[in-house]
Amino acid sequence: MTYRLLIGRLGEFGSTVMLECSTGFYLGVGHRTLRCLANGTWEGSDDPALCKIISCGELPTPPFGTKLGTLTTFGATAIFMCNHGYTLVGSHVRECGADGLWSGAETKCLAGHCDSPDPIVNGHISGDGSSYRDTVVYQCMLGYRLIGTSVRICQQDHRWSGTTPVCVPITCGHPGNPANGRTNGQLSMKIKLDTVDPYYIFHPRCRLGVSLEETRLKATMEELKSWMAELHEDPSKFSEPKFPTECFFLTLHTHHLSILPCCRRYIRRLRAIRELNRTVEELKNSESQWKDSPLASRHREMLKRCKTQLKKLVRAKACADVGLLDENLLRRSLQFYSTVIQLILRMVDPAYPNITLPLNPEIPKSFAALPEFYVEDVAEFLLFVVQYSPQVLYEPCVQDVVTFLVVFICSQHYIRNPYLIAKLVEVLFVTNPAVQPRTQRFSEMMENHPLSIKHLVPALMKFYTDVEHTGATSEFYDKFTIRYHISTIFKSLWQNIAHHGTFMEEFNSGKQFVRYINMLINDTTFLLDESLESLKRIHEVQEEMKNKEQWDQLPREQQQSRQSQLTQDERVSRSYLALATETVEMFHILTKQVQKPFLRPELGPRLAAMLNFNLQQLCGPKCRDLKVENPEKYGFEPKKLLDQLTDIYLQLDCARFAKAIADDQRSYSRELFEEVISKMRKAGIKSSIAIEKFKLLSEKVEEIVAKNSQSEMDYSDAPDEFKDPLMDTLMTDPVMLPSGNIMDRSIILRHLLNSPTYQWLRE
């Protein structure tokens, strides 16, 4: 439960605060708002509102299977397993969400059954059986040839034999040059990379006219000018520009000036179509409200203009679909960008394709001085292809693309702009099977790449923390999207056993892991808080609109304002809940695998406080305010969240963590844990064994709370020199700073995790 200030300054006479429930809870009976009275008391504090947890109801156990988990309240998890000889179809794990619904699909246990075989692009599958020893045959469409095994058999382990084949276009190759002539077209594809001079764009006679003000991959303006001056002082460093070199770079810049702008315009056009469709829909739905108003003619004119503009954009999109989404065009562009990638990788490591990591700490000046768009265009093209023509990624040249992505994500010091690294990370995200199922083969190539297995996890963990400060004005909000991408990639990598060793190495001794956990705590706190706040506002407006008589009495301008706020809150809640769900799931996965780093003095108390606060939000008296219509459209799953949070408690259960819980005086209370236990038991969120373990943890915490109370009495008059000057708590590990100040070590470390330039170290 939290208080949100509505009127005045907190604590002053006349100020008003509103009680708000956590995600997964709805507001029960009692006073929701409190007002500061002249006598120094809060009006309504004698009967405050109570947040109650949401329940999803009981889930049946599938025939020929078992179910683990008996709780049915928000956050509860039900795990299903099938008996030997039966295959699980549906969701293996289902969680009770904040919308009162179980996530996933209905679970069934089928005998001798394989799932539907993977589909094939530009082909079809013959045979519809899926029982043991049934076969299916893959065939390609006319003009395509099959690569891989055409026949797959349903095996005893309920999996199809072999791997999914692919259909690739049949090509005739180059027709050859006629006598006394040559064949025009795709000149850049005939060029051997060894004949391309990477120094061409710095040549005095370069035809491209690349401005010195063009942003470079690493070099600053001063460094670029200095290096260019060195090159021009010695003309022998330049060779005469040859036709292959000029043809190659002209093709690269042509893509930058033509194809990439068309791709961006196509995306903008789709966004405009969606916005216009939304506007038309809103105007039509609200016609009954404005048709008799003075603004009726204006609204009709706006509706007419929107429909006219929508028609034009739809026609323009159809034309672009024919030209821009042509597979041959995109395939040739991908092949060309593959050669660009090879050139860039050779510049950073001449041994390519036998490239190794880490790269040379001394960045080659020729690479550092390359225009930034050389790499950015590759990333943007890949993002476009994955979204609108993913079948193109089955080209043989994709191996170079995978190497390129892994090398530069794992060599972030080679690129100055963090948003360019973020764009490369986004390519890994959008090719993840959870996001784009049609790029599973590309994702597998990335996950199983030798450099990826050894270096990708620590590199992504480092970038997760580094994006806290990017230097951009929008850095605070940008980081959440980037971290969401990384979390999704982490979940996929964890499912690949080849990456387990690297993960465990980072968990136990990785330099970035403690900072990574700290950022997870920060993000979870902010995202959950913002998500729940927006859901409460949605609840308020929906309740107002339900009371039609009261709603109709509001002025039309106020109704429109409230509806506009509702639309904005719905957009915010969807975004923040998606991000928050991902961070909590990462906590759930990590604490199951490793516990020691979470119990460090600088992290344990903060983690316990964050968990207690969100537990209070979910099980407090204000949870009714989170009850919204169609919660599934916001991704609100309160039962799942409660189950995950209590799982984290149990996974970290030890004397040190129990003390961290007890030390939290802001949110922890015995009544809170008793309410959590009651709700988990009532809703069947957890098994009786898990609930009993949670109850034992609560009892341990209460014993520590009693000892803390006695200690506070014993040391209440302790001299100030024994207390931390910032937190006013007794120091357990005092440290003298260079400034002469004495502080507790855990307080120092806690602040250094968020700010390396902590001011107390300088004073």
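This note's numbering applies: residue 2 is where the sequence shown begins, and numbers increase by one. A virtual CB, placed ideally from N, CA and C, is assigned to each residue, including glycine.
On the DSSP bridge list, what partners appear for residue i?
{"i": "T78", "result": "E96"}
{"i": "C110", "result": "L89"}
{"i": "D745", "result": "P735"}
{"i": "M462", "result": "DSSP, once it has assigned bridges, lists no residue as partnering M462."}
{"i": "T662", "result": "Going by the sequence as given, residue 662 is Ile instead of Thr. BP columns for I662 are empty, so no partner."}
{"i": "M233", "result": "A small fix is needed here, since residue 233 is His in this sequence, not Met. BP columns for H233 are empty, so no partner."}
{"i": "V167", "result": "I148"}
{"i": "W103", "result": "C97"}
{"i": "K724", "result": "L731"}
With DSSP as the reference, label residue i as helix, strand or coil.
{"i": "I1", "result": "Coverage of the chain is limited to positions 2 through 764, which leaves residue 1 absent and any answer about it impossible."}
{"i": "K226", "result": "helix"}
{"i": "R153", "result": "strand"}
{"i": "M19", "result": "strand"}
{"i": "I635", "result": "This sequence places Tyr at residue 635; Ile is not what is there. Of the three classes helix, strand and coil, the one that applies to Y635 here is helix, per DSSP."}
{"i": "V408", "result": "helix"}
{"i": "N185", "result": "Caution applies to N185, whose pLDDT of 49 falls short of 50 and renders its modelled position unreliable; the value that the coordinates give is listed next. Coil."}
{"i": "C647", "result": "Rather than Cys, the amino acid found at residue 647 in this sequence is Thr. In the structure shown, T647 sits in a helix (DSSP, three-state: H, G or I)."}
{"i": "Q137", "result": "The identity of residue 137 in the sequence shown is Val, whereas the question assumes Gln. Strand, per DSSP."}
{"i": "T34", "result": "strand"}
{"i": "Y27", "result": "strand"}
{"i": "G9", "result": "coil"}
{"i": "Y679", "result": "A quick correction: the sequence has Ser, not Tyr, at residue 679. Helix at S679."}
{"i": "H204", "result": "coil"}
{"i": "T417", "result": "At residue 417 the sequence reads Arg, which differs from the Thr that was named. DSSP places R417 in coil when its eight states are reduced to three."}
{"i": "E1", "result": "With the chain covering only 2 through 764, there is no way to say anything about residue 1."}
{"i": "V393", "result": "helix"}
{"i": "G502", "result": "helix"}
{"i": "S699", "result": "helix"}
{"i": "K597", "result": "helix"}
{"i": "R625", "result": "helix"}
{"i": "R160", "result": "coil"}
{"i": "S689", "result": "helix"}
{"i": "S740", "result": "coil"}
{"i": "F14", "result": "coil"}
{"i": "S710", "result": "helix"}
{"i": "K640", "result": "helix"}
{"i": "L762", "result": "Bear in mind that a pLDDT of 49 at L762, under 50, signals an unreliable position, so the number given afterwards is only what the model happens to contain. Helix."}
{"i": "S117", "result": "coil"}
Considering just the uninterrupted stretch of the alpha helix (DSSP H) at residue i, what are its terminal residues?
{"i": "H254", "result": "244-255"}
{"i": "V315", "result": "297-324"}
{"i": "C263", "result": "261-286"}
{"i": "H589", "result": "557-594"}
{"i": "P606", "result": "605-620"}
{"i": "K775", "result": "Outside the displayed range of the chain (2 to 764) lies residue 775, so it cannot be described from this structure."}
{"i": "R387", "result": "Reading off the sequence, residue 387 comes out as Val, not Arg. Where V387 is concerned, the enclosing alpha helix (DSSP H) stretches over 374-389."}
Got a sec, what are the start and stop residues for the beta strand (DSSP E) residue i sits in?
{"i": "Q513", "result": "Segment: none, Q513 is in no beta strand (DSSP E) and carries neither H nor E."}
{"i": "Y145", "result": "145-148"}
{"i": "K68", "result": "66-69"}
{"i": "V341", "result": "Run containing V341: none in the beta strand (DSSP E); it sits in the alpha helix (DSSP H), 328-349."}
{"i": "S668", "result": "Per DSSP, S668 belongs to no beta strand (DSSP E) and is neither H nor E."}
{"i": "K292", "result": "Premise fails: K292 is in no beta strand (DSSP E) and is neither H nor E."}
{"i": "K53", "result": "52-54"}
{"i": "G124", "result": "124-127"}
Within 8 Å of any Cβ in chain D, is that where the Cβ of residue i sits?
{"i": "C207", "result": "This model lacks chain D altogether; it includes just one protein chain."}
Cβ of residue i versus every heavy atom of the ligand HEM: is any distance shorter than 7 Å?
{"i": "E507", "result": "The model on display carries no ligand, and the ligand HEM is accordingly not part of it."}
Legend entry - Three CB pairs or more closer than 8 Å across the region 54-69 and the region 640-657: Taking a cut-off of 8 Å for Cβ pairs, the region 54-69 and the region 640-657 touch, as three or more such pairs fall below it.
Legend entry - Three CB pairs or more closer than 8 Å across the region 73-93 and the region 102-117: yes
Inset, instruction - May I ask you to verify whether the region 237-247 touches the region 338-358, counting CB pairs closer than 8 Å and requiring at least 3? - result: no
Inset, instruction - Only counting runs of 4 or more residues, tell me where the alpha helix (DSSP H) segments fall wholly within the region 421-493, in order along the chain. - result: 441-448, 451-467
Inset, instruction - Would you check if there are 3 or more beta carbon pairs closer than 8 Å linking the region 331-350 to the region 369-379? - result: yes
Inset, instruction - Tell me, please, whether the region 13-20 touches the region 577-597 by the rule of three or more beta-carbon pairs shorter than 8 Å. - result: no
Inset, instruction - Spell out a yes or no on whether the region 542-561 and the region 512-525 are touching, meaning 3 or more CB-CB pairs, one atom from each, closer than 8 Å. - result: no
Legend entry - Touch test, the region 482-502 against the region 377-389, Cβ-Cβ under 8 Å, three pairs minimum: no
Legend entry - the region 646-659 / the region 33-43 touching (three or more Cβ pairs under 8 Å): no
Inset, instruction - Tell me, please, whether the region 613-627 touches the region 568-582 by the rule of three or more beta-carbon pairs shorter than 8 Å. - result: no
Inset, instruction - Decide yes or no for the touch test of the region 618-636 against the region 538-549: beta carbon pairs closer than 8 Å, at least 3 of them. - result: yes
Inset, instruction - Mind the definition here: the region 664-680 touches the region 92-107 only if three or more C-beta pairs lie below 8 Å; say whether that holds. - result: no
Inset, instruction - Examine the Cβ distances between the region 314-326 and the region 334-342 and report whether three or more of them are shorter than 8 Å. - result: no
Legend entry - At least 3 beta-carbon pairs within less than 8 Å: the region 489-503 vs the region 443-456: yes
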